[in-house]
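Reading through the structure tokens given below for one structure.
Protein chains: 6
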Amino acid sequence: MVESEHSLKASTLVEAMQYISKFKGKTFVIKCGGEIVEDKGAMNYIVEDIVTLSLLGIKPVVVHGGSKRIDKFLKDAGIESRYKGGLRVTDDRTMEIVEMVLMGSIQREIVSKICSRGGRAIGIAGTDSNMLRAKQDKSLGRVGHIHNVDTSVLSSLIEKGFIPVISPITISDDGISLNTNADEAAAKIAIAAQVEKLIILTDVDGVLDTKGSLIKTLYASDATKLVKDGVIKGGMKPKVEFGIEAVKNNVKKVHIINGQLRHSILLEIFTEEGIGTEVK
Amino acid sequence: MVESEHSLKASTLVEAMQYISKFKGKTFVIKCGGEIVEDKGAMNYIVEDIVTLSLLGIKPVVVHGGSKRIDKFLKDAGIESRYKGGLRVTDDRTMEIVEMVLMGSIQREIVSKICSRGGRAIGIAGTDSNMLRAKQDKSLGRVGHIHNVDTSVLSSLIEKGFIPVISPITISDDGISLNTNADEAAAKIAIAAQVEKLIILTDVDGVLDTKGSLIKTLYASDATKLVKDGVIKGGMKPKVEFGIEAVKNNVKKVHIINGQLRHSILLEIFTEEGIGTEVK
Amino acid sequence: MVESEHSLKASTLVEAMQYISKFKGKTFVIKCGGEIVEDKGAMNYIVEDIVTLSLLGIKPVVVHGGSKRIDKFLKDAGIESRYKGGLRVTDDRTMEIVEMVLMGSIQREIVSKICSRGGRAIGIAGTDSNMLRAKQDKSLGRVGHIHNVDTSVLSSLIEKGFIPVISPITISDDGISLNTNADEAAAKIAIAAQVEKLIILTDVDGVLDTKGSLIKTLYASDATKLVKDGVIKGGMKPKVEFGIEAVKNNVKKVHIINGQLRHSILLEIFTEEGIGTEVK
Amino acid sequence: MVESEHSLKASTLVEAMQYISKFKGKTFVIKCGGEIVEDKGAMNYIVEDIVTLSLLGIKPVVVHGGSKRIDKFLKDAGIESRYKGGLRVTDDRTMEIVEMVLMGSIQREIVSKICSRGGRAIGIAGTDSNMLRAKQDKSLGRVGHIHNVDTSVLSSLIEKGFIPVISPITISDDGISLNTNADEAAAKIAIAAQVEKLIILTDVDGVLDTKGSLIKTLYASDATKLVKDGVIKGGMKPKVEFGIEAVKNNVKKVHIINGQLRHSILLEIFTEEGIGTEVK
Amino acid sequence: MVESEHSLKASTLVEAMQYISKFKGKTFVIKCGGEIVEDKGAMNYIVEDIVTLSLLGIKPVVVHGGSKRIDKFLKDAGIESRYKGGLRVTDDRTMEIVEMVLMGSIQREIVSKICSRGGRAIGIAGTDSNMLRAKQDKSLGRVGHIHNVDTSVLSSLIEKGFIPVISPITISDDGISLNTNADEAAAKIAIAAQVEKLIILTDVDGVLDTKGSLIKTLYASDATKLVKDGVIKGGMKPKVEFGIEAVKNNVKKVHIINGQLRHSILLEIFTEEGIGTEVK
Amino acid sequence: MVESEHSLKASTLVEAMQYISKFKGKTFVIKCGGEIVEDKGAMNYIVEDIVTLSLLGIKPVVVHGGSKRIDKFLKDAGIESRYKGGLRVTDDRTMEIVEMVLMGSIQREIVSKICSRGGRAIGIAGTDSNMLRAKQDKSLGRVGHIHNVDTSVLSSLIEKGFIPVISPITISDDGISLNTNADEAAAKIAIAAQVEKLIILTDVDGVLDTKGSLIKTLYASDATKLVKDGVIKGGMKPKVEFGIEAVKNNVKKVHIINGQLRHSILLEIFTEEGIGTEVK
């Protein structure tokens with residue numbers, strides 16, 4: 138090792154050490170969006186980071202989306218995907234396919250990847266042990282907004298060293314399974330479990346300002362304006378909105394980062410500078 | 138209450154009490170076959186019995202099959218179901234559908250039913266945390282025979298009061314998910330966890346002799362002959378064979394009973410006479 | 138088993154299961170009156186039920202009376218039994234015999250019966266570790282009314298899986314042992330330990346109305362009238378009065394039942410209909 | 138305090154401290170013979186010492202006899218006391234009185250005395266939870282020799298800080314209560330519980346030699362000769378014999394001391410010189 | 138043993154037993170002054186008493202002074218010892234020697250003596266883990282008054298059965314080590330840990346009145362006057378003043394005794410009369 | 138952050154993570170030699186690394202030397218430093234100064250530095266609680282070789298989260314304190330506690346070969362030859378010899394590194410390449 142390398146490695150290590158000791162034993166909710174779960178290369182690095190966190194004594198909880206693959210399966214079944222206000226209109230036939238794709242396909246892939254790297258993943262749905270209770274929005278069909286999170290399932294699994302991988306299917310008080318936005322599920326879980334961090338992995342570098350530059354730190358007040366002005370829009374809108382809700386409800390930090398960058402999670406968490414947008 | 142009723146209820150109670158106190162804290166593996174999971178009426182009573190066991194301090198572990206529904210979904214997808222020696226020939230496309238039907242459809246239904254009656258069900262697959270490791274039988278494609286069961290996942294869930302509902306998907310040592318017979322999965326789990334009972338629910342009254350009468354107690358030696366003579370055949374054959382394997386490996390008792398009878402599980406377990414076939 | 142028997146047994150079991158799981162870990166105070174302890178046949182079934190409760194994880198605490206046998210011993214010693222307001226006038230010589238009969242004879246019999254059926258009975262008096270403190274009613278001599286119950290003795294024994302069998306001898310603040318009504322002792326213990334049930338076993342079917350029919354549910358207000366009208370009288374009076382006191386002080390339920398009926402305790406507790414009078 | 142008193146008290150304290158710290162948490166079986174329990178003055182000091190031991194963290198277990206009082210009660214009932222080889226011939230009627238006197242009279246007195254000084258005494262018999270199992274010696278009627286001690290009852294009580302006071306009634310394997318010598322009961326309990334000390338309180342100064350002088354240390358070999366020569370005889374014989382048996386079975390020390398001396402137990406235990414006979 | 142000796146030993150024992158059981162598990166802070174630590178003979182008895190307390194389950198914490206030896210070492214180094222208001226004026230060079238003498242010489246001696254008698258002594262300074270935080274009195278140089286005691290170090294050591302031996306070096310909030318009066322250190326530790334007793338060992342019999350007689354019980358109000366009148370003066374003044382502060386802050390008792398008396402600690406603690414001055 | 142920095146930091150992090158999770162909960166013995174403790178700049182970085190290890194859940198145990206400062210103090214006292222075979226000839230007067238310098242000066246400095254950075258250091262000697270027992274080598278005077286290590290002191294402190302800082306003073310079986318080589322003390326502690334790593338900090342880069350190049354990995358067999366050939370000599374000789382002894386006795390790894398390099402400990406431990414010599 139040459140002298141400059143020494144110095145650089147040493148400074149990276151000293152910096153990282155602080156964060157590692159700070160986060161030991163803490164829970165991070167990591168949301169993998171519907172686009173990123175289709176990017177096998179990115180998912181390999183993401184899963185590697187998740188298993189690394191776990192080895193360091195940090196407790197990762199994974200929440201995944203799946204709209205892209207659901208769209209494909211619906212198309213194969215001859216069903217048209219319809220959205221209102223960013224949420225999928227979900228009839229019974231659609232819901233059947235949603236559950237099968239989320240639980241039987243995407244969740245299985247993530248669980249397998251984590252297990253093959255030595256992590257102890259267990260895939261569950263929000264309906265397991267009635268963990269995520271939701272109020273049905275009948276105008277959208279089988280769609281629900283979470284009003285109650287029973288964290289005992291998660292804490293039982295976490296305590297035993299498992300990495301929960303959660304599909305965002307929720308249960309109405311009448312016992313009907315509902316389709317729920319994955320950003321919402323991740324945020325509500327993060328709030329209920331009062332976690333240290335909510336990390337939202339997407340396929341862009343974070344929140345961009347009007348000039349297209351990355352906003353490293355996004356304050357709630359500014360965010361509201363950017364949403365109103367249409368700068369924050371599309372899929373980024375719910376991310377920012379649920380991120381703000383999480384921060385306001387005592388989730389310590391929310392990060393929106395580009396999951397396509399190699400080791401994006403480690404770089405965001407263990408370096409002072411970070412790589413994405415932190416919502417405050 | 139009239140005197141005779143007194144006496145009858147009293148004797149039923151006294152009889153049941155013995156078994157209840159005997160089985161408190163013990164684990165029962167309950168296998169719901171592919172036909173019985175399609176019978177909604179029967180499933181309601183079965184789930185009620187499962188939740189009752191759980192309230193009594195007995196630890197139920199549910200393993201389910203799903204061939205009937207898989208056949209239907211394959212047919213919808215234009216794929217022909219093929220079997221060799223009773224096992225489904227499973228190519229990659231078939232496997233994709235198998236996983237989606239088991240995890241995303243049947244498992245979800247059972248979990249929901251249990252949760253709606255107050256049980257704390259959690260649906261998992263044999264691939265979660267690499268619980269069920271299998272050796273691939275390449276002549277059948279994505280089909281595997283279990284060679285290792287990691288019971289730590291089950292014991293963690295059971296200890297926390299959850300009712301595991303397990304889909305018989307297994308993992309090869311190369312990390313590939315495989316399709317496995319549910320009777321095999323149930324028996325291997327029962328053996329690995331050294332459970333008190335393995336209860337196989339099917340849609341006939343138990344094992345029948347050459348005259349079609351129910352055999353209340355089936356000895357391993359007789360069973361072998363009955364199989365050879367073709368009296369035990371079809372779907373009953375693997376049930377009996379895995380049952381014998383379980384008994385030989387210290388599972389205390391194996392019951393093959395008709396899940397269509399109301400409260401079949403309670404009657405088999407808590408009365409001296411029972412209702413089905415006990416394998417010894 | 139014929140179909141109708143199936144159905145009957147199943148319904149009895151389903152009914153009982155609810156109660157069993159509900160009462161697991163709860164404490165029942167069971168009072169065996171002075172007449173019933175002289176009926177060896179009845180005591181066999183009562184003790185069998187007590188041991189059964191214990192095996193089911195319910196915690197029985199037995200309180201026994203003994204007036205009949207005390208009368209006999211007093212007579213043998215040439216002492217006349219005298220009562221005022223239903224309570225025995227107790228001089229020092231009488232008290233000596235009371236203690237010897239309760240502790241050295243009746244308590245010994247009950248403990249032996251329970252132990253011979255596998256229960257872990259331990260006989261104690263209210264004077265052990267000053268468990269039952271009483272105020273002396275000097276007009277009756279060595280007679281006391283309980284003003285303080287130290288439940289730590291009971292909870293220590295119960296926690297270790299023992300079945301306490303308690304003779305109703307109490308201790309004055311001056312350290313003098315006193316004779317106390319067994320119904321009172323049972324009720325005061327039930328209240329202090331905040332138990333689930335107080336079951337008073339006697340030799341009639343329960344509380345009867347003016348026409349001699351069994352009152353299945355007796356409300357406090359009605360009871361007061363029935364006592365005033367002289368319908369409830371004799372030995373039943375203190376049972377009802379202490380029963381009402383228990384119910385008013387958060388003992389969940391009080392049952393007055395006929396200990397002569399076989400398995401009377403199981404039938405009262407584990408069937409919806411019950412067999413005696415429930416005080417509310 | 139004058140200088141010489143300083144020195145004397147200091148040496149007594151330093152001496153005692155060693156023993157106190159050595160015996161903390163250890164169990165002592167203390168046997169109060171049938172004569173000493175009739176001496177109220179002596180019993181007051183004995184009970185004070187027992188409570189003191191308990192406050193110091195030593196665990197006393199009291200075993201009491203009662204032949205003198207039993208003789209009196211039998212006489213009152215017109216029954217003649219008969220002995221064979223030092224043991225009471227016990228028919229059913231006699232046994233009834235034995236149980237009543239031991240449990241209902243003597244045990245009650247000792248329990249009361251201990252409780253009135255702040256000790257947490259609980260009186261039990263060897264029949265409670267089948268603690269002392271005995272083989273019946275039918276030539277003597279209802280008399281038994283202990284063949285099994287279940288120490289779990291004792292350890293449960295001791296662990297909870299109670300002082301067990303045990304009447305030497307034992308249970309045959311057929312469930313019949315038997316009369317057993319108190320020295321035997323004390324020794325068998327001491328052996329089964331592997332206690333630190335067995336202290337036998339009687340009304341003479343210890344074992345005397347042929348000249349009538351106290352033997353401070355009695356070796357097993359010498360004892361055998363003294364018994365053979367008739368120097369050790371009467372009630373002292375079983376004390377010495379069971380003492381030797383205890384010592385041979387790993388009870389650390391056996392003391393035979395005069396319970397009539399004030400604070401005899403403290404003086405024997407906490408001074409180097411002691412006051413009675415130590416059996417080795 | 139003759140009769141009078143019996144009686145005397147018995148009364149000493151009965152008296153001591155009360156205190157022993159009362160103080161079991163309690164913590165005593167024992168301060169050994171700078172003169173007494175130079176008296177090897179006295180220290181042998183003191184250490185013996187400390188180890189005895191420890192064996193009895195009492196938790197001793199030793200705080201030592203050292204002015205006499207420090208004076209000697211300073212003199213050897215050609216430095217003059219200077220005092221203001223009873224406190225040593227401490228420049229950096231002096232402090233270097235103070236630390237070396239306290240930690241490297243006196244503390245080592247006490248630790249060795251305790252260890253050689255079987256005690257598990259561990260020598261620490263008030264600077265270890267920043268246990269004793271002090272405010273610097275710059276007019277005296279490197280001298281500090283304690284404003285905060287972190288008792289976690291002590292409780293960790295005590296819980297593990299160690300006997301802490303503490304040198305009165307303290308730490309300023311700027312991380313500079315300071316010289317602190319040992320009486321102050323002992324009193325502040327006693328207060329912070331809310332101990333049962335603070336025992337100050339010196340080389341006189343206790344606090345003397347105007348006629349030179351020992352004051353057995355010294356009340357705070359009287360003490361203030363005696364200080365004002367100059368009866369309490371010199372090294373006794375801080376002992377009395379910190380003693381009063383300790384008593385006012387819930388240290389149960391403070392004793393000022395002559396460590397030169399053999400077994401002074403045992404005599405003060407375990408006899409009713411005591412030997413020194415008790416501050417109330 | 139630029140792309141190349143991303144990649145470099147990411148790789149450093151990924152590399153370090155492995156080691157961090159591997160070493161969590163493990164104990165490292167870190168020996169600071171007599172030269173390095175005089176280098177205030179180096180000590181600041183060393184202490185920073187020690188505190189960092191502690192925050193990461195690694196358990197550091199510090200052993201320090203002090204020959205340089207002892208030499209200086211001896212010189213001031215007019216005593217000549219004499220060595221035989223690399224060990225200091227130690228008479229009583231010398232030993233007095235050795236203890237004072239090690240415990241009262243150097244140990245104090247290290248404890249203060251660690252505490253001021255938030256570590257919970259506690260300074261002890263090998264004589265505390267008789268932790269390090271040694272056999273005196275009388276030819277050298279008060280010098281000892283360790284024959285027994287009582288690890289209970291260390292494990293008690295470590296378990297409570299303290300960082301022990303140990304001066305290499307040992308205790309003979311006669312209770313005499315002895316001077317012991319710090320490399321020996323560190324190695325013996327590492328062996329007795331079966332630690333993960335023994336890290337020896339010195340003021341050269343590690344072990345050099347005949348050409349003066351750093352030997353990255355030194356095998357025991359080669360080391361023996363290098364010692365024989367005089368390539369390894371002086372102060373490096375005992376480091377290598379005790380290092381080999383440690384490795385042979387199951388200390389997982391021994392590192393000899395240059396404590397003058399900034400963050401030398403972190404770089405050696407958390408990078409694959411390392412910076413010094415690893416003994417195998």
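Same order as they appear, the protein sequences are chains A, B, C, D, E and F. The working numbering puts the first residue of the first sequence at 138, with every later residue one more than the last. The working numbering puts the first residue of the second sequence at 138, with every later residue one more than the last. The working numbering puts the first residue of the third sequence at 138, with every later residue one more than the last. The working numbering puts the first residue of the fourth sequence at 138, with every later residue one more than the last. The working numbering puts the first residue of the fifth sequence at 138, with every later residue one more than the last. The working numbering puts the first residue of the sixth sequence at 138, with every later residue one more than the last. Even for Gly, the Cβ is constructed at its ideal location relative to N, Cα and C.
Of the listed residues the options, nearest to residue i (C-alpha basis)
i, options, result
"Phe210 of chain A", "A:Leu193, A:Ile195, A:Leu239", "A:Leu239"
"Ala214 of chain D", "D:Val200, D:Gly202, D:Met237", "D:Met237"
"Gly278 of chain D", "D:Val341, D:Lys325, D:Thr317", "D:Thr317"
"His425 of chain E", "E:Ser276, E:Ala271, E:Asp366, E:Thr288", "Look at the range of chain E in this structure, 138 to 417, and you will see that residue 425 of chain E is not part of it."
CB contact check: residue i to chain A, cutoff 9 angstroms
i, result
"Glu217 of chain B", "no"
"Val151 of chain F", "yes"
Own chain, CB closer than 6 angstroms to residue i, minus 5 neighbours either side, in chain order
i, result
"Leu363 of chain D", "Ile369"
"Lys376 of chain B", "Asp320, Ile337, Ile393"
Test: residue i CB closer than 9 angstroms to a CB of chain C
i, result
"Asp342 of chain D", "no"
"Met154 of chain B", "yes"
"Gln331 of chain D", "no"
"Leu192 of chain B", "yes"
Proximity test, Cβ basis, 9 angstroms: residue i and chain F
i, result
"Glu296 of chain A", "no"
"His400 of chain A", "yes"
beta-carbon residue i near the ligand GDP non-hydrogen atom, thresh 8 angstroms
i, result
"Ala324 of chain D", "The ligand GDP is not part of the structure shown, which contains no ligands of any sort."
Chain-ordered chain H contacts of residue i [CB-CB under 9 angstroms]
i, result
"Leu404 of chain A", "Within the model displayed, chain H is absent; protein chains A, B, C, D, E and F are what it includes."
Own chain, CB closer than 8 angstroms to residue i, minus 5 neighbours either side, in chain order
i, result
"Asp265 of chain A", "Val290"
Chain D contact for residue i (CB, 9 angstroms cutoff)
i, result
"Ile207 of chain C", "no"
"Ser158 of chain E", "yes"
Cut-off 7 angstroms between Cβ atoms - residues of its own chain near residue i, not counting five sequence neighbours on either side
i, result
"Met373 of chain A", "Val344"
State whether the region 194-202 of chain F contacts the region 155-164 of chain F, with contact taken as three or more CB pairs (one from each stretch) at a distance under 8 angstroms.
These segments touch.
Do the region 296-305 of chain C and the region 234-251 of chain C make contact, defined as three or more Cβ pairs closer than 8 angstroms?
yes
Entirely within the region 261-334 of chain F and at least 3 residues each: give me those beta strand (DSSP E) ranges in chain order.
269-273, 281-286, 300-304, 306-309, 314-316
I want to know whether the region 216-225 of chain E touches the region 255-262 of chain E - three or more CB-CB distances under 8 angstroms.
no
Whole alpha helix (DSSP H) runs in the region 228-261 of chain A with 4 or more residues, listed along the chain?
229-238, 244-253
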